[in-house]
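Protein chains in written order, with the working numbering: chain V, 1 to 230; chain D, 1001 to 1406. Just so it is clear, CB atoms sit at the ideal spot from N, CA and C, and this is done for glycine as well. Fair warning: this is a prediction, and the values are worked out from it, not measured in the lab.
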């Protein structure tokens, strides 16, 4: 089942002066349950691609279809609502809300979705336990290590039960041990709960874990490799 | 909504020192503005109170033509039913009739034009405390045929208590008015002009002198304070016959009102400048607050919080900051104003002397009218809302992709 599809996708900056083709005609299909890494050198267009498929940026040309919905046509407001229901985000710098506890950060999304308190409480607790933070539920981000913050960020991303999670350089600020723990945890969520993960990364540790690796350069897909894992 | 408020409150305290400094500046401005306005309004109240007590009363019922042409031909006949209805009105403290006109006074070799006021001595004493101002001799009574004359006039005429004052004038319907009046007492009028030419007679004596039997120039009405004047005026207007009118103190003496309004405007401009300075202070703080959090706004919008909701949160945060300062400012103001309301500040000696000479109590009074204080909180609310509005536009225009990059 296709979760995400892009057709002839372009993003061109500074169209009036010297045009920069950040994304240059990408056709891509992501299926449910994939654990995909988009790799490429700096300036290759992977973050722009991620922003567009996450509905944060609009393409200059082409189509983005998420779960059957053409998101490139949506208004900003509808796009925000669409992201809330369908897309989870994990950022390089964790980007948790500093004044909220781990529990409140995870609950935040469900709150926006209008879920009941009971459901929020249960899911938050389960998610934080699942990522190994059952004992840090009431801690604020400033009291958590980078790895712990990123695990809260992953919990926040999947709390809304999204169709897929976009993770932009999620391990860039983590040490080896934290990276390993985080990747193991995401892999587990991917396998056990069939959550689709799409990474944009430079990190070879992420690339090694990925079952599909798409390499982007000059705004184009230069290779798309699917691996078999155990 | 509750979560937005909770989040806004926590965001407010991200940088405690900055929030405290901003709050302190708002507290100071509210305290200063409240105190300044309280003193200003207190002095106006005192000024109006003194003026109406010494002369005009808060309201007067007159013949419709009297104010433009103050002659005895434009007097009104006594109407006991009307007087009774006005006396029974809510907030009306006193209704007393007067007959006012002019005469030429004389004693031995000296003569001087004077202002004659026929009064009900007992009732008028309740307003102007005239008996307390008698320096020599005694106060007059309702049936007294004698006169009470001002100190300046007595000096000019070289007349004293017990002497006889002669007055001539033109009476009602043009009859000649002439009379001799035993001077019962000499009083000091707080107004220097009146102190040089004022003669009080009992109402009956004045009516006899002017052959204006049973007639008055006005019914003077006292209310508790000048804030009650408008509704009492409306109530009186409803029951007045077409040949009578009711005038308020500010209609009779618009120059006093103009002076007060001019002074008030000056004070308010000062406050605007103060609030403008405070406004820029809040604006600076809030701008820093928003700039520091652009990435965060990008993140929460990315994860699904609409910009409109981000703006609600931001609005709550900024208004909360303003209102925190305003409420604390008012809490601090309350005991200070309470103290000075109970213990008015005495004026410096020289100024006190001058004020006393005008019959004004030599104290700086403060007003405790709630609107003075509510207005300060309202100003801060509006100021914060305007600043919040500007910041909300900034957030609405925020490019989320750029914001996410930081």
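Residue 231 (chain V) CB to nearest chain D CB: under 8 Å? This structure gives no information on residue 231 (chain V), because the portion of chain V shown stretches from 1 to 230.
Segments assigned beta strand (DSSP E), at least 3 residues, entirely inside the region 114-192 of chain V: Counting whole runs of 3 or more residues, the region 114-192 of chain V contains the beta strand (DSSP E) stretches 164-168.
Between residue 112 (chain V) and chain D, is any beta-carbon pair separated by less than 8 Å? Yes - at least one Cβ of chain D is within 8 Å of the one on residue 112 (chain V).
If I follow the unbroken beta strand (DSSP E) through residue 27 (chain V), where does it start and stop? Here the beta strand (DSSP E) through residue 27 (chain V) covers 20-31.
Does the region 1060-1076 of chain D come into contact with the region 1118-1135 of chain D, if we say contact requires no fewer than three beta-carbon pairs (one atom in each stretch) closer than 8 Å? As far as the Cβ criterion goes, the region 1060-1076 of chain D does not touch the region 1118-1135 of chain D, which means the pair count is below three.
For residue 1095 (chain D), tell me which candidate among D:1222, D:1181, D:1279 and D:1239 has the shortest Cα-Cα distance. D:1222
With DSSP run on the structure shown, which of helix, strand or coil describes residue 1152 (chain D)? helix
Using 8 Å as the threshold, is the C-beta distance between residue 214 (chain V) and residue 36 (chain V) below it? Yes, these two residues count as a Cβ contact at 8 Å.
Report yes or no: do three or more beta-carbon pairs, one from the region 1196-1204 of chain D and one from the region 1133-1149 of chain D, lie closer than 8 Å? yes
Please confirm if residue 1007 (chain D) has its CB atom under 8 Å from at least one CB of chain V. Residue 1007 (chain D) has a beta carbon lying within less than 8 Å of a beta carbon in chain V.
Distance CB(residue 30 (chain V))-CB(residue 54 (chain V)) smaller than 8 Å: no
Three-state secondary structure assigned by DSSP to residue 1363 (chain D): strand
Three-way DSSP call (helix, strand, coil) for residue 1312 (chain D) in this model: helix
Taking the alpha-carbon positions, what's the residue 1021 (chain D) to residue 1013 (chain D) distance? 12 Å
Using a Cβ-Cβ cutoff of less than 8 Å, which residues in the same chain neighbour residue 1211 (chain D) once the five nearest sequence positions on both sides are dropped? 1171, 1172, 1173, 1175 and 1177
Which whole-angstrom value is the C-beta distance of residue 160 (chain V) and residue 85 (chain V), which I expect to be below 8 Å? In this structure residue 160 (chain V) is in contact with residue 85 (chain V), their Cβ atoms being roughly 7 Å apart against a cut-off of 8 Å.
If you run the structure through DSSP and keep just helix, strand and coil, what is residue 1386 (chain D)? When DSSP states are grouped into helix, strand and coil, residue 1386 (chain D) belongs to the helix group.
Within 8 Å of any Cβ in chain V, is that where the Cβ of residue 1011 (chain D) sits? yes
N-terminal and C-terminal residue of the beta strand (DSSP E) that residue 1096 (chain D) is part of: Looking at the DSSP string, the run of the beta strand (DSSP E) that includes residue 1096 (chain D) is 1092-1107.
Whole-angstrom C-beta distance between residue 9 (chain V) and residue 41 (chain V), which should lie under 8 Å: Actually they do not touch by this definition, with Cβ atoms about 19 Å apart.
Specify, as a first and last residue, the run of the alpha helix (DSSP H) that residue 1081 (chain D) falls within. 1080-1087
DSSP three-state assignment for residue 195 (chain V), whether helix, strand or coil: coil
Partners in chain D for residue 91 (chain V), counting only beta-carbon separations shorter than 7 Å: 1299
If distances are taken between C-alpha atoms only, which option among D:1168, D:1300, D:1153 and D:1246 comes closest to residue 1086 (chain D)? D:1246
Spatially closest choice to residue 1028 (chain D) from D:1383, D:1353 and D:1330, by CA coordinates: D:1330
Quick one: list the residues of chain V neighbouring residue 1400 (chain D), beta-carbon separation under 8 Å, in chain order. 56
Expressed to the nearest angstrom, what Euclidean distance is found between the alpha-carbon atoms of residue 1045 (chain D) and residue 1374 (chain D)? Going by the C-alpha atoms only, they are around 19 Å apart.
Quick one: give me the first and last residue of the beta strand (DSSP E) that residue 1181 (chain D) is part of. 1176-1187
Inside the region 1278-1362 of chain D only - alpha helix (DSSP H) runs reaching at least 4 residues: 1294-1302, 1307-1342 and 1349-1357
Within this structure, are the beta carbons of residue 82 (chain V) and residue 71 (chain V) separated by less than 8 Å? Taking 8 Å as the Cβ cut-off, residue 82 (chain V) and residue 71 (chain V) qualify as a contacting pair.
Kindly say whether residue 1338 (chain D), judged by its beta-carbon, lies nearer than 8 Å to any beta-carbon of chain C. No chain C is present in this structure, whose protein chains are V and D.
Name the one or two DSSP bridge partners that residue 1136 (chain D) has. D:1186
Output yes if chain V places a C-beta closer than 8 Å to the C-beta of residue 1397 (chain D); else output no. So, not an interface residue.
Which residues in the same chain have their Cβ closer than 6 Å to the Cβ of residue 1257 (chain D), if we skip the five residues on either side of it in sequence? Excluding its 5 nearest sequence neighbours in each direction, residue 1257 (chain D) has C-beta neighbours in its own chain below 6 Å: 1250, listed in chain order.
Cutoff 8 Å; reference residue 142 (chain V); Cβ partners in own chain excluding five residues on either side: Non-local C-beta neighbours of residue 142 (chain V) in its own chain, meaning closer than 8 Å and more than five positions away in sequence, comprise 98, ordered along the chain.
Same chain only: Cβ atoms within 7 Å of residue 173 (chain V), ignoring 5 sequence neighbours per side: Cβ-Cβ distances below 7 Å link residue 173 (chain V) to 92, 93 and 146 in the same chain, with the five nearest sequence neighbours on each side left out; the list follows chain order.
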